[in-house]
Each structure stands twice: as C-alpha cells, then as structure tokens.
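Asks: I am attaching a structure below and will ask some questions about it afterwards.
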Amino acid sequence: MDGVFIYWFGWLLWIVITFFQKKTTKRLVNAALLLLVLACLPLTFSVAGMSVSVVFAAMIAYVCWQMRSFSWRTIFFFLVVSWTIAAAYGAFRLMLIFDPVIELLDTRWMSAGIAFLLACLFVRHIPRSCLLAVSGLLQGEFVFHFVLQQFFHLQEVTGSLYFFDIVAITVFFYGILLTVKGVMRLVQEMTIRRPFSSLEKTS
C-alpha cells in the first residue's frame, strides 16, 4: 500500500522528537513541522498541466535553502551527482514499466537503495549525503513524470505517496548508518578507556 512507510516512519520520528528530545523551542517547531508535512501529503496543485504534490514542491525549496551556504564548486559537484542519481532513479522506474521482471524486491526499497548507495559513494558526510540522495530523487521523480506525460500521455501525481515512501526508506537507511556509526564510536571509546582503568587498578 502506497504511503505506509512515510506515515509509519513519520509517526515514529514524531514520537522520538516529542518524547525523547530536550524540551526546547526547536523540538516544538520540528514536531509541528513534521505533523504539517504528514497532513499535507495528499494535497496537490496543477502547474503546466502537471499535478504536483505540495510537499514535493516544499522539499525542493528546502533543498535549495540548504544549499545556500555551499560554495559554487560544491554546488556544481552537488548538481552533477544529484543528476546522476536522478538519471538512475528515472531509468529504473521506466525499466519497471517495460520490464517488470527486474522487480526482485519491493521496488520502493530497490529505488531507495539505488539512491542511498550512489549518494554514499560520492559523499561520505552523512547529512550532506542524505540531502544529495533526496535531491536526486526529487529531480528523478520530476523527469520521470515529465516523460510519462510527454511521451506516454499518462498523468500521475509528481510526488505521490509511492515516491514519499522511497524518500522515507532512504532517510531510514541514513538513520541506520548514523546509529551504527554512533555504536562503533561508543565501543571505540570504551575500548580506549579500559586499558587506562586496568593500569590504575594495577598501580
């Protein structure tokens, strides 16, 4: 069912923000914005004959806002890599139409995996890599639906619940990566402290 992942992960994230973060104004704003995003997911508007999700347009604006502090060289690199992810995503979606036999798993997980692996391949910094993956998915979704409308005369919502499931799974992958790195850092700190504690006991 389309939308199951974005709503499940969205509500889980809202629970984490509401009950586990410190009581600050930032927590209140983040929780309210997340609820607003979840509430606006079904909303769409029409532009140039295309039906576009409100949240899809808001995400594009958010990515552009995040890039405001990037240098021109970083922006150029960011765009080239995001176009690569967009091309891979769009090509995969088109292949699913003409050759659905490649559907080995849930295609939402496969699409998210492609974006996640490509972004991690080019950028090691996790927040920027996540932003890069989402940017590539946004561009790929737009190009895919543009092709559907222009060449196949099929009109679907650009930024459907299916697409947001892919975005949610991609962000979930980065959450797992952050958790693994945090655990590894904690284990490393414990192993460093242990020799010193053993030396203190012997002395």
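To convert, count from 1 in the sequence shown and add 2; that's our numbering.
Even for Gly, the Cβ is constructed at its ideal location relative to N, Cα and C.
Once the 5 residues before and after residue 1 are set aside, which same chain residues still bring their CB inside 7 angstroms of it?
Replies: In this structure the chain extends from 3 to 205, so residue 1 is not present and cannot be described.
Asks: Can you say whether residue 143 is buried or exposed, counting buried as having 16 or more other CB atoms within 10 angstroms of its CB?
Replies: Per the 10 Å Cβ criterion, buried.
Asks: Let's test the definition: count the other Cβ atoms within 10 Å of the Cβ of residue 57 and tell me whether it reaches 16, buried, or not, exposed.
Replies: By the 10 Å Cβ count, residue 57 comes out buried.
Asks: Over the uninterrupted alpha helix (DSSP H) stretch that includes residue 153, give me the two end residues.
Replies: Its alpha helix (DSSP H) spans residues 128-153.
Asks: Less than 7 angstroms separating the Cβ of residue 49 from some heavy atom of the ligand MG?
Replies: Ligands in the displayed structure: none, and consequently the ligand MG is not present.
Asks: Buried or exposed, going by whether 16 or more other CB atoms sit within 10 Å of the CB of residue 170?
Replies: So residue 170 ends up on the buried side.
Asks: Could you check if residue 114 is buried or exposed, using at least 16 other CB atoms within 10 Å of its CB as the buried criterion?
Replies: Answer is buried; the Cβ neighbour count reaches 16.
Asks: In chain order, what residues of the same chain lie with their CB nearer than 7 angstroms to the CB of residue 69, ignoring the 5 residues before and after it?
Replies: Counting only Cβ-Cβ distances below 7 angstroms, and skipping sequence neighbours, we find 77 and 80.
Asks: What is the residue span of the beta strand (DSSP E) that residue 2 lies within?
Replies: Residue numbering for the chain in the displayed model covers 3 to 205; residue 2 lies beyond these limits and cannot be assessed.
Asks: Assuming residue 174 contacts residue 22 (C-beta within less than 8 angstroms), just tell me the rounded distance between them.
Replies: With a Cβ gap of about 17 angstroms, residue 174 and residue 22 do not count as contacting.
Asks: State the start and end residues of the unbroken beta strand (DSSP E) segment that holds residue 47.
Replies: Here the beta strand (DSSP E) through residue 47 covers 46-49.
Asks: Residue 83: buried (16+ other C-beta within 10 angstroms of its C-beta) or exposed?
Replies: Classification of residue 83: buried, given that the 10 Å Cβ count is 16 or more.
Asks: Taking all protein chains shown into account, do 16 or more other C-beta atoms lie within 10 angstroms of the C-beta of residue 157, making it buried, or fewer, making it exposed?
Replies: The residue is exposed, with fewer than 16 neighbouring Cβ atoms inside 10 Å.
Asks: Can you grab the Cα-Cα spacing for the pair residue 192 / residue 167, in whole Å?
Replies: Near 37 angstroms, if we compare the C-alpha coordinates of residue 167 and residue 192.
Asks: Kindly list the residues whose CB is nearer than 7 angstroms to the CB of residue 4, restricted to its own chain and excluding five residues on each side of it in sequence; keep chain order.
Replies: The answer, listed in chain order, is 162, 163, 164 and 167.
Asks: Return the chain-ordered list of same chain residues with a C-beta closer than 7 angstroms to the C-beta of residue 133, the five sequence neighbours on each side being excluded.
Replies: Contacts found: 65 and 68.
Asks: Between residue 151 and residue 52, which are expected to be in contact by the criterion C-beta below 8 angstroms, what is the C-beta distance as a whole number of angstroms?
Replies: That belief holds up - the Cβ atoms of residue 151 and residue 52 are roughly 6 angstroms apart, short of 8 angstroms.
Asks: Across which residues does DSSP place residue 109 in a beta bridge pair?
Replies: Note: residue 109 sits in no beta bridge, so no partner.
Asks: For a test of the three-state rule: what should DSSP assign to residue 160, helix, strand or coil?
Replies: If DSSP states are grouped into helix, strand and coil, residue 160 belongs with the strands.
Asks: In whole angstroms, give me the CA-to-CA distance for residue 40 and residue 19.
Replies: Roughly 15 angstroms separates the two Cα atoms.
Asks: Would you identify the three-state DSSP class for residue 167, choosing helix, strand or coil?
Replies: Reduced to three states, the DSSP call for residue 167 is helix.
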